[in-house]
Amino acid sequence: MAQGAGDRERCANNFGTLRLLFAALVILAHAPELIDGDRSREILTRVFGTLSFGELAVDGFFLVSGYLITASYRARTSFSGYVRRRALRIYPGFVVASLVCILVVAPFAGGDMVALSSAETLLRLALLLMPVVPGAFEGLPYPHLNGSMWTIPCEFGCYLLLGLAGRARVLRIRARYLALLAGLGALLALRWLFLPVGLPGDVAGTLSEMIRFVFVFCCGGAYQLFGDRIAYTRRGACRAALLLLPLMFVRPLAEPALAVLGGYLIFWFAFAVRPLALSRAVDRADPSYGLYLYAWPVQNLLVAHVPGISPWAVAALALAAALPLGLLSWFLVEGPALRLRPAARRDQTMRTDRSGRPSSVPRSTSPLTTGPTFSGVPE
Numbered sequence: 559m560a561q562g563a564g565d566r567e568r569c570a571n572n573f574g575t576l577r578l579l580f581a582a583l584v585i586l587a588h589a590p591e592l593i594d595g596d597r598s599r600e601i602l603t604r605v606f607g608t609l610s611f612g613e614l615a616v617d618g619f620f621l622v623s624g625y626l627i628t629a630s631y632r633a634r635t636s637f638s639g640y641v642r643r644r645a646l647r648i649y650p651g652f653v654v655a656s657l658v659c660i661l662v663v664a665p666f667a668g669g670d671m672v673a674l675s676s677a678e679t680l681l682r683l684a685l686l687l688m689p690v691v692p693g694a695f696e697g698l699p700y701p702h703l704n705g706s707m708w709t710i711p712c713e714f715g716c717y718l719l720l721g722l723a724g725r726a727r728v729l730r731i732r733a734r735y736l737a738l739l740a741g742l743g744a745l746l747a748l749r750w751l752f753l754p755v756g757l758p759g760d761v762a763g764t765l766s767e768m769i770r771f772v773f774v775f776c777c778g779g780a781y782q783l784f785g786d787r788i789a790y791t792r793r794g795a796c797r798a799a800l801l802l803l804p805l806m807f808v809r810p811l812a813e814p815a816l817a818v819l820g821g822y823l824i825f826w827f828a829f830a831v832r833p834l835a836l837s838r839a840v841d842r843a844d845p846s847y848g849l850y851l852y853a854w855p856v857q858n859l860l861v862a863h864v865p866g867i868s869p870w871a872v873a874a875l876a877l878a879a880a881l882p883l884g885l886l887s888w889f890l891v892e893g894p895a896l897r898l899r900p901a902a903r904r905d906q907t908m909r910t911d912r913s914g915r916p917s918s919v920p921r922s923t924s925p926l927t928t929g930p931t932f933s934g935v936p937e
């Protein structure tokens with residue numbers, strides 16, 4: 559059944575289920591590679607030979623984030639208030655998880671706490687960079703305290719770029735936004751010729767991945783801006799899936815196809831499928847950000863201390879351990895931080911619902927008040 563743009567903005571959605579699914583897929587994708595560095599055993603990579611479940615999930619996070627954060631920005635008058643809300647959503651959970659990795663995980667991972675630099679640690683916290691303790695997980699294929707955190711500064715960078723685009727009035731004029739998206743698509747194509755792909759950590763690799771993330775994030779924003787022209791139907795979802803499947807076998811086309819066609823599938827599931835009980839539960843207590851942040855160190859600890867452990871065991875045990883940590887992060891860190899956010903002020907010239915259509919719904923009743931977004935970060 560088709561769902562109108564105005565209708566879907568006033569009802570519950572399935573973003574909660576999507577966030578948990580994406581976080582679980584990241585855990586599943588990391589498990590075999592963390593054991594021996596061999597990505598070829600990863601399930602989706604074996605099927606298509608291009609993207610992994612981890613890449614699919616992170617792109618899904620950025621699509622949803624682009625959609626909801628674009629709507630959030632358009633509902634506000636204050637750029638500083640927008641940035642403060644974004645910082646309060648990203649930093650508290652990140653800082654606490656980083657400190658847990660340094661103070662709790664590193665000693666069990668062989669880290670040299672004496673060699674730890676306080677100044678470097680503070681700088682890395684401020685810049686949202688992965689925590690580092692010399693010697694931690696040394697000898698493992700991926701000797702990082704928390705390798706999943708490398709996407710967090712990219713996420714926050716997308717927030718800032720969106721804010722700058724909004725200040726430049728790009729979000730008010732759809733033609734400008736389409737031109738921006740086309741330019742990003744061209745950069746995404748050029749990255750295959752001139753930049754390494756999938757090698758974050760050095761300047762070129764980080765730039766390459768940032769181009770990818772900004773494009774995917776802006777595709778999510780496009781679904782929001784053009785929401786009044788998009789009907790999410792079962793037939794449309796079937797067509798998108800049929801078009802997407804063959805493109806997933808072609809490496810240069812897989813990522814843009816996932817962002818455009820996969821984006822339709824994601825938002826169809828979010829808006830057109832009856833909300834699941836899990837989605838409603840996550841809207842009240844969202845463990846997805848914490849699950850994403852704590853799974854990597856748990857997985858690497860299992861690999862380091864349980865010789866011969868299977869990828870399935872690594873994934874299952876990490877999910878079982880990180881999920882309650884994610885809930886603790888929500889109740890003790892993220893939730894209290896959200897209560898410090900500045901009150902939203904309405905702007906009659908910019909206020910829209912999430913479909914991109916002007917709305918008279920007060921901010922206090924908008925689904926965006928509690929609707930999370932992230933790599934797993936809620937709004």
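Reading the sequence shown from the start, the letters are residues 559 to 937 in our numbering. Note that CB positions come from ideal geometry on N, CA and C, so glycine has one too. As the structure is a computational prediction, the values presented were derived from the model and not from experiment.
- Here the alpha carbons of Leu576 and Ala830 stand approximately 13 Å from one another.
- Fewer than three beta-carbon pairs drawn from the segment 670-686 and the segment 721-737 are found closer than 8 Å, and the two stretches are therefore not classed as touching.
- In the same chain as Arg832, and ignoring 5 residues on each side of it, no C-beta atom comes closer than 6 Å to its own.
- Put simply, the backbone Cα of Gln857 is about 13 Å away from that of Asp594.
- C-alpha of Ile648 to C-alpha of Phe714: approximately 8 Å in a straight line.
- Here Val772 has Cys716, Leu719 and Leu742 as same chain residues with Cβ atoms under 7 Å from its own Cβ, once five neighbours each way along the sequence are excluded.
- The segment 620-629 and the segment 780-791 touch, with no fewer than 3 CB-CB distances between them shorter than 8 Å.
- For Ile585, the uninterrupted alpha helix (DSSP H) run begins and ends at Phe573 to Asp594, by DSSP.
- Secondary structure note for Phe619: its alpha helix (DSSP H) is the uninterrupted segment Phe611 to Arg632.
- Following the DSSP letters along the chain, one finds Asp841 inside the alpha helix (DSSP H) bounded by residues Ala835 to Arg842.
- Leu703 is not a Cβ neighbour of Ala645, given a cutoff of 8 Å.
- Three or more beta-carbon pairs separated by less than 8 Å are not found between the segment 680-700 and the segment 601-615, which leaves the two stretches without contact.
- Annotation: Ala789 to Leu803 spans about 21 Å, alpha carbon to alpha carbon.
- For Phe652, the enclosing alpha helix (DSSP H) has its first and last residue at Phe637 to Val658.
- The Cβ atoms of Gly884 and Pro845 lie closer than 8 Å to each other.
- Relative to Gly693, the option among Ala684, Gly668, Gly705 and Gly651 whose CA is nearest is Gly668.
- Going by DSSP, Pro689 is part of no alpha helix (DSSP H) at all; its letter is neither H nor E.
- Taking the C-beta atoms as reference points, Asp617 is found nearer than 8 Å to Ala817.
- Cα atoms of Leu583 and Arg793: separation of roughly 26 Å, rounded to the nearest angstrom.
- For Ala740, the uninterrupted alpha helix (DSSP H) run begins and ends at Arg732 to Phe752, by DSSP.
- When secondary structure is reduced to three states using DSSP, Val872 falls in the helix class.
- With fewer than 16 other beta carbons inside 10 angstroms of its own, Met671 counts as exposed.
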